[in-house]
Amino acid sequence: MASPAATSAPMPDEWCLREFDHVSPELAPVLPETLTRMRSLCPVARSEAHGGFWVLTKYEDVLRVAQDWETFTSTEGLNIPPYRGEVRNIPVEVDPPEQRAYKKLVNAHLTPKAIAHWETPARELVTRLIDGFIERGACEFMDDFARPFPSTSFFDFALHAPRDEIAKVAEMASVSSVPNHPRAKEGWAGLSAWITSLLATRRESEPRGDVVDAVIAAEYEGRPLTEAEAVGIVQLLVLGGLETTAGALGLMMLRFTRQPEIPALLRAHPERIPTAVEELLRLDSPFIAIARTATRDVELGGREISAGDKVLLYWASANYDSAEFLDAEAFDPARSPNRHVAFGAGPHRCLGSNVARLNLRIALEELTRRLDDIRLADGADVQFHNTLTRSPHTVPITFRPGPRVHTTV
5 MASPAATSAP MPDEWCLREF DHVSPELAPV LPETLTRMRS LCPVARSEAH GGFWVLTKYE
65 DVLRVAQDWE TFTSTEGLNI PPYRGEVRNI PVEVDPPEQR AYKKLVNAHL TPKAIAHWET
125 PARELVTRLI DGFIERGACE FMDDFARPFP STSFFDFALH APRDEIAKVA EMASVSSVPN
185 HPRAKEGWAG LSAWITSLLA TRRESEPRGD VVDAVIAAEY EGRPLTEAEA VGIVQLLVLG
245 GLETTAGALG LMMLRFTRQP EIPALLRAHP ERIPTAVEEL LRLDSPFIAI ARTATRDVEL
305 GGREISAGDK VLLYWASANY DSAEFLDAEA FDPARSPNRH VAFGAGPHRC LGSNVARLNL
365 RIALEELTRR LDDIRLADGA DVQFHNTLTR SPHTVPITFR PGPRVHTTV
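Quick note: to get the numbering used here, add 4 to the position in the sequence shown (first position is 1).
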């Protein structure tokens, strides 16, 4: 997550050991440095914030907990302090065997083969978005590209929902995802109502053969899905489709401004972009952490965790563990193996990873081809949203002006 030009002092050791708070505004700008310190200081740390929880920062511990759903359940909430909306996010808030059955309902619509036909329209969308700012030689990357690209493509290709509702839904998804946000309850209720309305509309429409149709037609244990189950599945798709890819794009662009040799390499060797995507996801994970609850007393990293204890897994820290990744701070597009956990791990691994990879590959192919001499705008003060996901609020950049592909935008 860090680059040589963007390092700061981590949070104090006492805070790391006993007061760690993943939603603290003070943590957001120094998260990478703080996680680095915690991996060496205390890989399994006990925080007294939010009623008490454990913080895991080493790859081995994070992977163990993610894969052992019987000992570390997802059914008690994914955040600390626990919060959720009107319905459960399915299948990520249920455990096997139920989780596997729910996941199977939508998996077939999110495979590389199933989404391959998205490539041409997605590339056209990327081209139009770049056309909108390339002649200026400057843009606010989050507003002009990172947010509209994944949200528009998700609405158009996955949900077949009206584009003019993107902003409203994105806002509800955003506030719903932040613990203790004053409008979180309102956001969850609004998101649930919007999805309920979408499903009702689609039930009365001609089938599109997409994932929404699959949810509408799905059965679980020989019966149709309940409304809560259907809403919960689509809700998870919305939360993942609108937030994390935008965050990944913003973090990648920020790294490009600090390490210009990376976009230069990808411009010269576009065939390396698919593996570069994996390495950039490892370095700059937008999905940074998730919570589990211990179902029994267990030893982890030399610490005794009791049944009922909350455990926070830091994917973003595991991706920098030198025990797993040689020269972990370095960008290596040829890294092999690259067993990063940017999409999580275990049975609850991200449903939309294939969609994210497709979008990120297309975006980097076009951005590195068309934008040159990318720099962070003078005086830019980049601040971060930082809870279970991480994203820069703004990334103002400049670059060498170029021509549009289309005569109109």
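Each residue gets a CB set at the ideal place from its N, CA and C atoms; glycine is no exception.
Residue burial annotation: H397 is exposed, with fewer than 16 other C-beta atoms found within 10 angstroms of its C-beta.
The closest CA to that of Y224, considering only Q103, E369, F24, G55, is found on Q103. Excluding residues up to 5 positions away in sequence, K62, Y63 lie with their Cβ nearer than 6 Å to the Cβ of D325 in the same chain.
Of the residues assessed, A272 falls on the exposed side of the cut-off, its CB having fewer than 16 other CB atoms within 10 angstroms. For R227, DSSP records a beta bridge to Y224. Distance from the CA of G406 to the CA of R140, rounded to the nearest whole angstrom, comes to 8 Å. Of the candidates H121, F291, G194, the residue whose Cα lies closest to the Cα of G213 is H121. Straight-line spacing of the CA atoms in G383 and P290 works out to 24 Å.
Nearest to K108 by C-alpha distance, out of P351, G81, I309, is P351.
Following the DSSP letters along the chain, one finds K62 in no alpha helix (DSSP H), marked with neither H nor E. When secondary structure is reduced to three states using DSSP, C20 falls in the helix class. The DSSP-derived three-state label of L163 is helix. With contacts defined as CB atoms closer than 8 Å, F137 and G254 fail to qualify as a contacting pair. Under the three-state reduction of DSSP output, R140 falls in the coil class, being neither helix nor strand. Sixteen is the threshold: since fewer than 16 other Cβ atoms of the shown chains lie within 10 Å of the Cβ of D168, the residue is exposed. Y106 sits in a helix when the DSSP states are folded into three classes. When C-alpha distances from P267 are compared across V215, S78, D99, F403, the shortest belongs to F403. Around E23, the same chain offers S51, E52, A53 as residues with beta carbons nearer than 8 Å, after the five sequence neighbours per side are excluded. With contacts defined as CB atoms closer than 8 Å, A360 and T249 qualify as a contacting pair.
When rounded, the separation of the alpha-carbon atoms in F76 and R379 is 44 Å.
Between T200 and E231, the C-beta gap is smaller than 8 Å, which places the two residues in contact. If you draw a straight line from the Cα of E283 to the Cα of G348, it comes to about 15 Å.
Collapsing the DSSP output to three states places N323 in coil. The C-beta separation of A252 from D288 comes to about 7 Å, placing the pair in contact by the 8 Å criterion. If you compare the alpha carbons of L304, D385, L82 with that of D65, the shortest gap goes to L304.
If one requires a minimum length of 3 residues, the beta strand (DSSP E) runs lying completely within the segment 314-381 are 314-318, in chain order. In this chain, the beta strand (DSSP E) harbouring L304 covers 302-304. In this structure, H344 sits away from N363, with a CB-CB distance that is not shorter than 8 Å. Around the beta carbon of A112, fewer than 16 other beta carbons sit within 10 angstroms, so the residue counts as exposed. Taking a 10 Å sphere around the C-beta of D148, we find 16 or more other C-beta atoms and assign the residue as buried. For H389, the secondary structure class from DSSP, reduced to helix, strand or coil, is strand. R227 and L195 have their alpha carbons spaced roughly 25 Å apart. Looking at the DSSP output, I309 sits in a beta bridge with V302.
At the C-beta level, E370 and R127 come within 8 Å of one another. Beta-bridge partners assigned by DSSP to A295: L316. A straight line joining the alpha-carbon of A311 with that of T299 spans about 5 Å.
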